[in-house]
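Undergrad:
Numbering (our numbering), first residue to last: 42 to 336.
1) Residue 194 and residue 185 - do their beta-carbons sit closer together than 8 Å?
2) Could you give the residue range of the alpha helix (DSSP H) that holds residue 195?
3) Entirely within the segment 258-282 and at least 3 residues each: give me those beta strand (DSSP E) ranges in chain order.
4) In its own chain, which residues sit with a C-beta less than 7 Å from the C-beta of residue 273, not counting the 5 before and 5 after it?
5) Between which residues of its own chain and residue 227 is the CB-CB distance below 6 Å, once the five residues before and five after are set aside?
6) Let me know the secondary structure DSSP gives residue 210 once reduced to three states.
7) Grab the span of the beta strand (DSSP E) containing residue 313 for me, first residue to last.
8) Return the Cβ separation of residue 159 and residue 270 in integer angstroms, given the expectation that the two are a contact with Cβ distance under 8 Å.
9) Return the first residue and the last residue of the beta strand (DSSP E) that residue 220 is part of.
10) Identify every run of the alpha helix (DSSP H) within the segment 284-309, keeping only runs that are complete inside it and at least 4 residues long; order them along the chain.
11) Please classify residue 330 as buried or exposed, where buried requires at least 16 other C-beta atoms within 10 Å of its C-beta.
12) Three Cβ pairs or more, each shorter than 8 Å: is that satisfied between the segment 301-320 and the segment 285-292?
13) How long is the line joining the alpha carbons of residue 244 and residue 180, rounded to whole angstroms?
14) Output the residue ranges of the beta strand (DSSP E) runs that lie fully inside the segment 220-247 and measure 3 residues or longer, sorted by chain position.
15) Would you check if the distance between the CB atom of residue 206 and the CB atom of residue 264 is smaller than 8 Å?
16) In this structure, how does DSSP classify residue 155 when only helix, strand and coil are distinguished?
17) Expressed to the nearest angstrom, what Euclidean distance is found between the alpha-carbon atoms of residue 223 and residue 285?
18) So, at 7 Å on beta carbons, what are the nonlocal neighbours of residue 323 in its own chain, with the 5 sequence-adjacent residues on each side left out?
19) Below 8 Å between beta carbons: does that hold for residue 60 and residue 98?
20) By the 10 Å Cβ neighbour count, where 16 or more other Cβ atoms means buried, how is residue 62 classified, buried or exposed?
21) Alpha carbon to alpha carbon, what distance is there between residue 191 and residue 282?
22) Starting from residue 62, follow the alpha helix (DSSP H) in both directions and report where the run begins and ends.
23) Starting from residue 127, trace the alpha helix (DSSP H) both ways and give me its first and last residue.
24) For residue 231, which residues from the same chain have a beta carbon less than 6 Å from its beta carbon, with the 5 sequence-adjacent residues on both sides left out?
25) On a Cα-Cα basis, can you pick out the residue from 196, 120, 234, 252 that is closest to residue 182?
26) Can you give me the Cβ contacts of residue 113 inside the same chain, cut-off strictly under 6 Å, excluding the 5 residues immediately before and after it?
27) Using the beta-carbon count (16 or more within 10 Å), is residue 240 buried or exposed?
28) When you compare only the Cα positions, how much space is there between residue 196 and residue 260?
29) Which one of 138, 66, 82, 165 has the shortest CA to CA distance from residue 116?
30) Is residue 318 helix, strand or coil by DSSP?
31) Rounded to the nearest angstrom, what separates residue 88 and residue 142 at their Cα positions?
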């Protein structure tokens with residue numbers, strides 16, 4: 042940093058050199074920007090402040106938020122919006138370090154929003170035993186249905202109460218559910234849950250929802266209200282749904298078809314779910330991309 046000199050050094054550079062380098066030296070340990078980027082952007086900016094605007098070379102003046110805003114919005118109007126945003130971010134970061142009084146209202150960063158953690162295969166096996174171990178036949182049936190619809194089809198609690206036996210199609214291609222309500226769609230059931238669904242259908246009257254009569258005012262609480270009165274370690278419906286999503290991501294289900302089954306146009310938090318998908322080793326990574334065929 043001490044040897045830096047602008048490629049197009051002007052006669053004014055010696056006058057601002059120490060000021061620029063001192064500011065960048067202080068800011069560098071607190072930023073992710075390369076020293077060369079800090080120096081390039083900051084030196085051009087300080088030169089504009091001192092020469093073009095005639096401002097005194099003081100940190101509280103040069104690195105004020107108003108000065109940075111003026112520079113990024115008025116100087117060199119031909120710059121792209123992306124370049125302006127980058128310059129503003131760099132200069133603001135320097136300003137936060139060398140002129141902290143200019144940022145009294147800097148907000149505390151919010152914690153990174155996370156998605157529900159999917160269950161492991163062993164945990165799902167334990168929940169299968171939980172369902173079969175309920176003390177009454179009706180509770181066993183509902184516990185099985187909760188696992189089938191949430192872990193097997195990724196349904197939300199509000200979807201569960203709307204499904205009738207006639208909404209379940211069983212044919213040579215497997216089992217597919219027709220979902221009504223605010224996000225109507227069809228969702229193929231995972232093969233591993235088909236046997237349980239077939240057993241539930243045999244026990245269910247055709248004129249009632251699969252879940253049976255409900256007395257819950259809020260459909261979103263349907264499953265939590267049920268499971269809290271069961272015996273054993275109970276599953277959470279949001280984690281069962283996350284398990285279904287991650288199962289498909291691990292299996293390579295196409296994102297377009299997965300969003301179709303979810304009933305959404307935009308797959309929110311996809312990067313969060315991908316954290317639970319194993320990264321391929323180099324040979325498999327290369328083969329995966331090399332053998333791709335457009336369909």
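We treat Cβ as the ideally placed atom computed from N, Cα and C, and that holds for glycine.
TA: Let me lay it out:
1) Pairing residue 185 with residue 194 gives a Cβ-Cβ distance that is not under 8 Å.
2) DSSP places residue 195 in no alpha helix (DSSP H); its state is neither H nor E.
3) DSSP runs (the beta strand (DSSP E)) wholly in the segment 258-282: none.
4) Counting only Cβ-Cβ distances below 7 Å, and skipping sequence neighbours, we find 171, 174.
5) Around residue 227: 217, 219.
6) Residue 210: strand per DSSP, three-state reduction.
7) No beta strand (DSSP E) holds residue 313; the alpha helix (DSSP H) holding it covers 311-315.
8) Not confirmed; about 25 Å, so no contact.
9) Counting along the chain, the beta strand (DSSP E) containing residue 220 begins and ends at 215-220.
10) 296-303, all fully within the segment 284-309.
11) The residue is exposed, with fewer than 16 neighbouring Cβ atoms inside 10 Å.
12) For the pair of segments examined, the segment 301-320 was found to touch the segment 285-292: the number of CB pairs separated by less than 8 Å reaches three.
13) Across the structure, residue 244 and residue 180 are spaced so that their CA atoms are roughly 13 Å apart.
14) For the segment 220-247, whole beta strand (DSSP E) runs of length 3 or above, ordered along the chain, are 226-229.
15) For residue 206 and residue 264, no; Cβs fall outside 8 Å.
16) Of the three classes helix, strand and coil, the one that applies to residue 155 here is coil, per DSSP.
17) So the two alpha carbons sit approximately 21 Å from each other.
18) Same-chain partners within the cutoff: there are none.
19) Contact flag set, yes.
20) Buried, since its Cβ has 16 or more Cβ neighbours within 10 Å.
21) Pairing residue 282 with residue 191, the inter-Cα distance amounts to about 5 Å.
22) Per DSSP, residue 62 belongs to the alpha helix (DSSP H) from 54-68.
23) Secondary structure note for residue 127: its alpha helix (DSSP H) is the uninterrupted segment 122-139.
24) Shown here for residue 231: same chain residues with a beta carbon closer than 6 Å to its own, the five before and five after excluded, namely 193 in chain order.
25) Nearest option by C-alpha distance: 252.
26) These residues qualify, in order along the chain: 125, 128, 129.
27) Residue environment for residue 240: exposed (fewer than 16 other C-beta atoms within 10 angstroms of its C-beta).
28) Spanning the alpha carbons of residue 196 and residue 260 requires a straight line of approximately 12 Å.
29) Closest option to residue 116, Cα to Cα, is 82.
30) If DSSP states are grouped into helix, strand and coil, residue 318 belongs with coil.
31) So the two alpha carbons sit approximately 23 Å from each other.
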